[in-house]
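Enquirer: Just dropping this structure here.
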Amino acid sequence: MEVEGGNIRDMKMKNSRKAAAFINLGLLFIALFFINVLVNSSLGGLRRYTYFDLTEDKRFSLTEGTDRILQKMTEKIENSNEGVEGDFEQGGIFIQVLLEGDFPANFKRLQESTRELLDEFRVKTGIIEYAFMDVNDGTPEEVTDRVESLSKIGVTPTMFRLKEVSGTAERRVFPWAIVRFAGQSIPVNLLEEQGQLGADAVLNKSINLLEFKFAQAIRKLYDNRRQVVAFTKGHGELTELQTKDLRRTIRPNYDHGSISLEQSTYIPEEIDLVVVAKPQTPFSEKEKFQLDQYVMNGGKVIWLIDKVGVSLDSLNYGSEGTFVPRPIETGLEDLFFKYGIRFEPGLIRDMQSSKFPLVVGQTGGQPQMELFNWPYHTLAVSASQHPTVKSLDQVNFLFPSKIDTSIQTKTELTKTVLFSSSVNSNEQFIPVRLSFDAVHSVGDPNLFRGGPYPLAVLVEGTFPSLYENRITDEMRAGLASIGQEFKTRSDEGGKMIFVSDGDLAANVISDPQNERVFPLGYNRYDKRQYANRDFLVNAIEYMMDDYGLIDSRGKELKLRLLDVQKTRDQKTYWQLVNLLVPIVFICLVGLGFFLWRRYNFSK
Numbered sequence: 001m002e003v004e005g006g007n008i009r010d011m012k013m014k015n016s017r018k019a020a021a022f023i024n025l026g027l028l029f030i031a032l033f034f035i036n037v038l039v040n041s042s043l044g045g046l047r048r049y050t051y052f053d054l055t056e057d058k059r060f061s062l063t064e065g066t067d068r069i070l071q072k073m074t075e076k077i078e079n080s081n082e083g084v085e086g087d088f089e090q091g092g093i094f095i096q097v098l099l100e101g102d103f104p105a106n107f108k109r110l111q112e113s114t115r116e117l118l119d120e121f122r123v124k125t126g127i128i129e130y131a132f133m134d135v136n137d138g139t140p141e142e143v144t145d146r147v148e149s150l151s152k153i154g155v156t157p158t159m160f161r162l163k164e165v166s167g168t169a170e171r172r173v174f175p176w177a178i179v180r181f182a183g184q185s186i187p188v189n190l191l192e193e194q195g196q197l198g199a200d201a202v203l204n205k206s207i208n209l210l211e212f213k214f215a216q217a218i219r220k221l222y223d224n225r226r227q228v229v230a231f232t233k234g235h236g237e238l239t240e241l242q243t244k245d246l247r248r249t250i251r252p253n254y255d256h257g258s259i260s261l262e263q264s265t266y267i268p269e270e271i272d273l274v275v276v277a278k279p280q281t282p283f284s285e286k287e288k289f290q291l292d293q294y295v296m297n298g299g300k301v302i303w304l305i306d307k308v309g310v311s312l313d314s315l316n317y318g319s320e321g322t323f324v325p326r327p328i329e330t331g332l333e334d335l336f337f338k339y340g341i342r343f344e345p346g347l348i349r350d351m352q353s354s355k356f357p358l359v360v361g362q363t364g365g366q367p368q369m370e371l372f373n374w375p376y377h378t379l380a381v382s383a384s385q386h387p388t389v390k391s392l393d394q395v396n397f398l399f400p401s402k403i404d405t406s407i408q409t410k411t412e413l414t415k416t417v418l419f420s421s422s423v424n425s426n427e428q429f430i431p432v433r434l435s436f437d438a439v440h441s442v443g444d445p446n447l448f449r450g451g452p453y454p455l456a457v458l459v460e461g462t463f464p465s466l467y468e469n470r471i472t473d474e475m476r477a478g479l480a481s482i483g484q485e486f487k488t489r490s491d492e493g494g495k496m497i498f499v500s501d502g503d504l505a506a507n508v509i510s511d512p513q514n515e516r517v518f519p520l521g522y523n524r525y526d527k528r529q530y531a532n533r534d535f536l537v538n539a540i541e542y543m544m545d546d547y548g549l550i551d552s553r554g555k556e557l558k559l560r561l562l563d564v565q566k567t568r569d570q571k572t573y574w575q576l577v578n579l580l581v582p583i584v585f586i587c588l589v590g591l592g593f594f595l596w597r598r599y600n601f602s603k
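Okay, here's the thing in structure tokens:
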């Protein structure tokens with residue numbers, strides 16, 4: 001009876017322990033439920049998540065600039081209660097992504113990357129909701145009306161061929177998103193232009209730029225003002241046709257126009273950036289004073305300066321195939337010197353250069369052409385990690401000069417070399433006689449020693465005024481008439497970019513009569529697209545960016561493609577691994593659990 005009584009007591013103890021375990025488990029679930037309710041109610045019902053980004057390239061982490069503009073926009077919505085009524089309960093930004101439907105795998109990857117990015121946005125803030133839409137879904141009349149309404153805001157389709165059972169069919173896809181807020185809408189093109197890139201490279205570039213494009217659209221909605229870029233005119237600068245491709249590229253994001261300093265008394269503060277592109281004649285003191293005070297009051301300037309007047313056409317029309325270039329005096333030399341920069345009166349020759357054709361003989365009465373490296377057309381790749389040049393391809397400089405950055409200034413300035421010539425380069429001071437025979441010297445490295453030389457420089461900080469001790473009564477009266485005071489120094493955070501090639505912003509004109517042009521950076525001789533346009537667009541965006549969004553433009557997500565040969569050779573091995581490893585793992589877990597139970601109950 002004692003043994004039987006002991007068994008009863010043991011059974012009661014085991015039952016009580018089981019009951020306590022079930023009670024504790026129930027209490028745990030109840031506690032988790034109330035914690036979840038409490039957290040959701042304290043966050044106003046917004047969905048919040050957290051995660052840890054362990055990827056090498058920080059694929060799932062937003063840059064500081066994007067975080068900053070999302071926070072600013074959140075504060076604006078919370079303080080003003082703005083938003084699009086009907087989008088979602090709290091009001092805010094609604095993003096309609098048009099990437100839905102039946103399309104190839106590369107668009108599927110772009111779709112998934114867009115979804116992941118917008119999920120990251122929602123992790124950071126509760127003001128964003130999104131939905132995917134198939135433009136081609138519906139009756140033919142509905143689709144036609146939808147496409148027409150999209151075309152009015154600049155949303156155009158991309159055509160592709162899709163393989164079907166009956167053959168191939170041509171389909172259209174809309175790789176766009178529309179960002180809406182407070183009655184405004186901004187279309188965002190998710191797919192980059194192909195140009196000379198392959199399909200995989202275009203896709204990867206498009207995915208890299210997703211964060212920047214969406215963050216920039218949100219910034220526009222936050223500021224509610226289009227920034228203005230002004231190109232100077234009146235000194236032989238590049239014409240509108242010569243800068244057509246650059247203007248066309250920046251048009252969706254910025255307003256742009258031209259300004260004549262000779263006909264104006266000051267540069268309006270509404271102009272956020274001034275571009276001085278290849279001036280050929282001197283600036284007057286009045287015009288320089290306008291530029292100087294514009295910089296002192298926070299204006300930004302990009303200087304594209306030719307120090308030497310020479311081109312391939314000048315060699316073609318020179319005496320006996322030779323040409324002696326002349327220096328170009330713009331009158332801006334003392335202004336540049338005050339800002340810590342000097343353009344040296346010479347030309348850079350570089351073994352790393354683009355090609356152009358020369359006649360090498362005659363066959364059947366027809367000239368035979370061959371491409372040669374032209375040492376005065378430098379191909380530069382930046383070694384800087386600055387966001388304006390990070391991950392950029394080669395930029396083609398035509399007859400560039402050296403920029404001297406050793407000039408001391410009375411204020412603190414930071415100088416960042418964005419582009420420079422290669423190590424195998426040298427400098428030729430003018431006067432010098434140029435001819436096409438220079439192509440034969442490219443093969444001799446002994447003639448190209450002395451580089452690298454700076455070709456594009458970013459200067460930031462506090463700029464001193466050229467007219468600190470030189471202002472006249474007339475200048476002071478002119479400032480007083482517009483309600484401004486003379487400033488001897490700019491505020492901190494001033495920015496200017498100096499480039500020693502005025503043609504960097506010039507596109508080749510293919511049809512002057514119909515105003516058709518090649519893309520900026522396209523070399524018609526070797527038929528390659530260089531990154532001139534990307535660099536200038538990056539530079540403009542960096543100069544106008546007050547939130548640091550340009551960092552997201554330099555974000556690089558590595559394209560990891562499968563090794564086709566390795567995949568074919570190891571196919572069977574990896575199939576067996578994927579089949580057997582999970583089964584073995586489950587068996588080991590089951591065996592371990594069985595042994596644990598046996599050991600536990602044997603006690």
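Counted the way the working numbering counts, the sequence shown spans residues 1 to 603.
The beta carbon of each residue, even a glycine, is placed where N, CA and C say it ideally should be.
Rounding to the nearest angstrom, what Cα-Cα distance links Glu287 and Val135 in this structure?
Expert: Taking the straight line joining both Cα atoms gives about 52 Å.
Enquirer: Taking the CB atoms as reference points, tell me whether Val228 and Ile186 lie closer together than 8 Å.
Expert: Cβ atoms of Val228 and Ile186: not closer than 8 Å.
Enquirer: Under 8 Å by Cβ, that's how I've got Val310 and Pro327 pegged, so tell me the actual separation to the nearest angstrom.
Expert: Not a contact, Cβ separation roughly 10 Å.
Enquirer: State whether the region 252-262 contacts the region 202-214, with contact taken as three or more CB pairs (one from each stretch) at a distance under 8 Å.
Expert: Contact between the region 252-262 and the region 202-214 is absent, because fewer than three Cβ pairs lie under 8 Å.
Enquirer: Within the continuous beta strand (DSSP E) that includes Tyr376, where are the two ends?
Expert: Taken as a continuous stretch (DSSP letters only), the beta strand (DSSP E) holding Tyr376 covers 366-380.
Enquirer: At 3 residues or longer, and completely inside the region 397-468: list those beta strand (DSSP E) runs for me, N to C.
Expert: Within the region 397-468, the complete beta strand (DSSP E) runs of at least 3 residues are 413-420, 425-429, 454-461.
Enquirer: Under the assumption that Gln352 contacts Leu379 (Cβ atoms under 8 Å), give the Cβ distance between them as a whole number of angstroms.
Expert: The pair is a contact, with the Cβ atoms about 5 Å apart (cut-off 8 Å).
Enquirer: Which residues in the same chain as Gln242 place their Cβ atom closer than 6 Å to its Cβ, once the five residues preceding and following it in sequence are excluded?
Expert: Cβ within range, chain order: Ala506.
Enquirer: For Lys338, is the classification buried or exposed, using 16 other Cβ atoms within 10 angstroms of its Cβ as the cut-off for buried?
Expert: Label assigned to Lys338: buried.
Enquirer: Between Ser610 and Phe436, which are expected to be in contact by the criterion C-beta below 8 Å, what is the C-beta distance as a whole number of angstroms?
Expert: Because residue 610 is not part of the residues shown, which for the chain are 1 to 603, the question remains open.
Enquirer: So, for Gly45: in the same chain, excluding its five sequence neighbours on each side, which residues have a beta-carbon less than 6 Å away from its beta-carbon?
Expert: With a pLDDT of 42 at Gly45, under the threshold of 50, the modelled position of this residue cannot be trusted; read the value that follows with caution. Excluding sequence neighbours, Gly45 sits near nothing in its chain.
Enquirer: Taking Gln71 as the reference, give the member of Glu148, Ile128, Leu27, Val499 with the closest Cα.
Expert: For Gln71, the nearest C-alpha among the options comes from Ile128.
Enquirer: Going along the chain, which residues of its own chain have a beta-carbon closer than 8 Å to the beta-carbon of Lys233, five neighbours each way excluded?
Expert: So the list reads Ser258, Ile259, Ser260, once near-sequence residues are dropped.
Enquirer: By the 10 Å Cβ neighbour count, where 16 or more other Cβ atoms means buried, how is Glu237 classified, buried or exposed?
Expert: Buried, because 16 or more other Cβ atoms sit within 10 Å of the Cβ of Glu237.
Enquirer: Checking the sheet assignment: what are the DSSP bridge partners for Glu240?
Expert: Glu240 is not bridged to any residue.
Enquirer: Looking only at its own chain, which residues have a Cβ that is under 8 Å from the Cβ of Phe88, when we skip the five neighbours before and after it?
Expert: Unreliable placement is indicated for Phe88, whose pLDDT of 42 sits below 50; the coordinate value is still reported in the next sentence. Taken in chain order, the residues that qualify are Phe94, Glu129.
Enquirer: Take the Cβ of Trp374 as the centre, count every other Cβ of all protein chains shown within 10 Å, and call the residue buried at 16 or more, exposed below.
Expert: Flag for Trp374 reads buried.
Enquirer: Have a look at the DSSP bridge pairing and note the partners of Trp303.
Expert: Partner(s): Val276, Phe498.
Enquirer: In the DSSP output, what is Val97 paired with across the bridge?
Expert: Val97 pairs with Phe132, Ala177.
Enquirer: Name, in chain order, the residues that DSSP records as bridge partners for Pro327.
Expert: According to DSSP, Pro327 bridges with Val308.
Enquirer: Are Gly65 and Asp534 touching if we call contact CB-CB under 8 Å?
Expert: For Gly65 and Asp534, no; Cβs fall outside 8 Å.
Enquirer: Which word fits Val584, buried or exposed, when buried means at least 16 other C-beta atoms lie within 10 angstroms of its C-beta?
Expert: Val584 is exposed by the Cβ-count criterion.
Enquirer: What does a CB cutoff of less than 7 Å around Ser354 pick up in its chain, not counting 5 residues either side in sequence?
Expert: Here the set comprises Trp374, His377, Leu379, Asn396, Asn523, Asp526.
Enquirer: Hey, quick one: how far does the alpha helix (DSSP H) through Lys527 stretch, first residue to last?
Expert: Lys527 -> no alpha helix (DSSP H), and no H or E assigned at all.
Enquirer: Just reading off the alpha helix (DSSP H) that Asp545 is part of, what are its end residues?
Expert: Looking at the DSSP string, Asp545 is not in any alpha helix (DSSP H), and its letter there is neither H nor E.
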